[in-house]
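Since the structure comes first, as structure tokens, the remarks are kept for the end.
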Amino acid sequence: MSIVTHYNNEFSKREASFKEVPWLYEVRLAALHDWQERGFPKPHDEDWQNLRLNDFENIPFSCDQHNSTQVDAQVLESLSLGNPEEAYSLVVINGRLISSLQALHLNEKIEILPLAEAVLSRETLVKKYLTLTSENNDPFFDLNTALATDGLFIHVKSGFWLDKPLEIIFYTAGENQNRGQRHVVYVEENAGLKLVETYGGSDECYWMNTATEIVLEKNAHLELVQIQKESAKAFHTGSVLVTQKESSVFTHFLAEFGAVLSRQNIRVELTEPQAVCNIKGFYCLDAKRQADHHVRVDHLSPQCKSSTLFKGVMDDASRGIFRGLVMVHPNASKTEASQTSNSLLLTADAEADPKPQLEIYHDDVKCSHGATIGQLDEEALFYLKSRGISDEFARHLLTRAFLEELVESVDLPYVSAYLNRSLNFLMPDTAGLEGK
Numbered sequence: 227m228s229i230v231t232h233y234n235n236e237f238s239k240r241e242a243s244f245k246e247v248p249w250l251y252e253v254r255l256a257a258l259h260d261w262q263e264r265g266f267p268k269p270h271d272e273d274w275q276n277l278r279l280n281d282f283e284n285i286p287f288s289c290d291q292h293n294s295t296q297v298d299a300q301v302l303e304s305l306s307l308g309n310p311e312e313a314y315s316l317v318v319i320n321g322r323l324i325s326s327l328q329a330l331h332l333n334e335k336i337e338i339l340p341l342a343e344a345v346l347s348r349e350t351l352v353k354k355y356l357t358l359t360s361e362n363n364d365p366f367f368d369l370n371t372a373l374a375t376d377g378l379f380i381h382v383k384s385g386f387w388l389d390k391p392l393e394i395i396f397y398t399a400g401e402n403q404n405r406g407q408r409h410v411v412y413v414e415e416n417a418g419l420k421l422v423e424t425y426g427g428s429d430e431c432y433w434m435n436t437a438t439e440i441v442l443e444k445n446a447h448l449e450l451v452q453i454q455k456e457s458a459k460a461f462h463t464g465s466v467l468v469t470q471k472e473s474s475v476f477t478h479f480l481a482e483f484g485a486v487l488s489r490q491n492i493r494v495e496l497t498e499p500q501a502v503c504n505i506k507g508f509y510c511l512d513a514k515r516q517a518d519h520h521v522r523v524d525h526l527s528p529q530c531k532s533s534t535l536f537k538g539v540m541d542d543a544s545r546g547i548f549r550g551l552v553m554v555h556p557n558a559s560k561t562e563a564s565q566t567s568n569s570l571l572l573t574a575d576a577e578a579d580p581k582p583q584l585e586i587y588h589d590d591v592k593c594s595h596g597a598t599i600g601q602l603d604e605e606a607l608f609y610l611k612s613r614g615i616s617d618e619f620a621r622h623l624l625t626r627a628f629l630e631e632l633v634e635s636v637d638l639p640y641v642s643a644y645l646n647r648s649l650n651f652l653m654p655d656t657a658g659l660e661g662k
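For the sequence shown, my numbering assigns the number 227 to the initial residue and increments by one for each residue that follows.
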């Protein structure tokens, strides 16, 4: 059976339930047709070069609901970033929200609903924003649109700022399971939210395919932190698609520790004046793991600002890929944009493939981009070892220092502490040295 036939069958098994929401069924059907025409990306496709994609063709991931929501408490605790006093916490296991929303005692000016429920009870809003970015040339996004049945709808009403971050843990289990998550986040004027997502799962081969569509109205603020700690056998593909209105601020921080293969697409459209977006992230790879990051920022209006900074640490025979594009459109005067990728190779077999790009169609702009690929400083290694520090410890110290800037830049102290604990696990001999 071909992989196209497999996913056609997965769609057919759910088609009767999909038809219960006619407008969404049409969206799903159009996305499926787009995916059928393209299929999964091929190695010669420019946006997918150097990424190992054959597993998606060879493994017929099942979209059947994996009903178990039983997970060892210690496993969930390892994914939790802090104590309950520091954040409002939700847990989603195999697509099912198992936490009680009522128990959070949230203000009525923020709505959090399972997307399947919001499609019915908040149809006007969901219909408007779920389809806002449907024109997206990404087969994984298309497959998510066609098949995803799980996800959340988050709506922050005008003038309201949530007093603590909203933390959501997504846990997946089940051999060869395809878990599609689709989220819609809508922040009205003069409102704000800090959203922290953590992804993890069982020691099995599964595929988390997630997509988040975000709309920020005038003066809205959203800080999104995503921490990917999938199992070493898992696949993770994600899209974050953002539309920003006047004077809105979007901050995105991505940290990747897991998955045998991951692909992250981040696309931001600055549609009105004085919008600001800041995108940062790092990834730590070993063995033969691959991580691919595509960031596109479209400056569509005057006086907008954007910055992008990614750092990658590649060990063993791993490969890190960064593709960035800042597009300054003809009427986007006074644009300020920067884009940087820094890669650290720890072995001769590790690979880095950065490609930051600018396309500028206006003269009155300030834009910069750059990329570096390097190894640990031999003089610094010699200096440390000459003072009695072992070679391994010295290498860990320098690697840690390479990432320190990004870890400490996170605006949420308890998230920075969690990231440091995660680095402690990778480099246990440096525990206790963070921030020094």
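Idealized CB from N, CA, C, for every residue including glycine.
Practice prompt. Pick out whichever of Asp518, Met553 and Leu652 has its Cα sitting closest to the Cα of glutamate 495.
Written response: Met553
Discussion item. Using 8 Å for Cβ pairs, my map puts phenylalanine 244 next to arginine 254. What's the rounded Cβ distance?
Written reply: 6 Å
Worksheet item: At which residues does the beta strand (DSSP E) containing proline 391 begin and terminate?
Response: It is not in any beta strand (DSSP E) - proline 391 carries neither H nor E in the DSSP assignment.
Worksheet entry | Pick from Asp541, Tyr412, His525 and Ala627 that is closest to lysine 560, judged by C-alpha positions | His525
Worksheet item: How many Å lie between alanine 372 and aspartate 364 at the Cα?
Response: 12 Å
Worksheet entry | Assumed close pair glutamate 414, valine 382 - CB separation to whole angstroms, cut-off 8 Å | 6 Å
Practice prompt. For arginine 264, count neighbouring Cβ atoms within 10 angstroms of its own Cβ and tell me buried if that reaches 16, exposed if not.
Written response: exposed
Practice prompt. Please go through the stretch 444-499 and give each complete beta strand (DSSP E) segment of 3 or more residues, from N-terminal end onward.
Written response: 447-455, 461-470, 475-482 and 487-496
Practice prompt. In angstroms with no decimal places, state the Cα-to-Cα distance between tyrosine 233 and glutamine 490.
Written response: 22 Å
Worksheet item: What is the residue span of the alpha helix (DSSP H) that proline 365 lies within?
Response: 365-373
Discussion item. Is it buried or exposed, leucine 645, if we count other Cβ atoms within 10 angstroms and call 16 or more buried?
Written reply: buried
Discussion item. What would DSSP say about arginine 322, mapped onto helix, strand or coil?
Written reply: strand
Worksheet item: If you check the beta carbons only, do leucine 327 and isoleucine 336 fall under 8 Å apart?
Response: no
Item to complete: Would you give the residue range spanned by the beta strand (DSSP E) that lysine 531 belongs to?
Response: 531-540
Discussion item. What would DSSP say about isoleucine 615, mapped onto helix, strand or coil?
Written reply: coil
Worksheet item: From alanine 399 to asparagine 320, what does the alpha carbon distance come to, in whole angstroms?
Response: 6 Å
Fill in: Residue range of the alpha helix (DSSP H) that includes threonine 350
349-356
Discussion item. Please give me, in chain order, every unbroken run of the alpha helix (DSSP H) with length at least 4 that falls completely inside the stretch 422-446.
Written reply: none
Item to complete: Measuring alpha carbon to alpha carbon, tell me which of Ala374, Met540 and Thr534 ends up nearest glutamate 562.
Response: Thr534
Item to complete: Note down the Cα distance separating isoleucine 586 from proline 556, rounded to an integer number of angstroms.
Response: 8 Å
Worksheet item: So the beta strand (DSSP E) valine 413 belongs to, where does it begin and stop?
Response: 404-413
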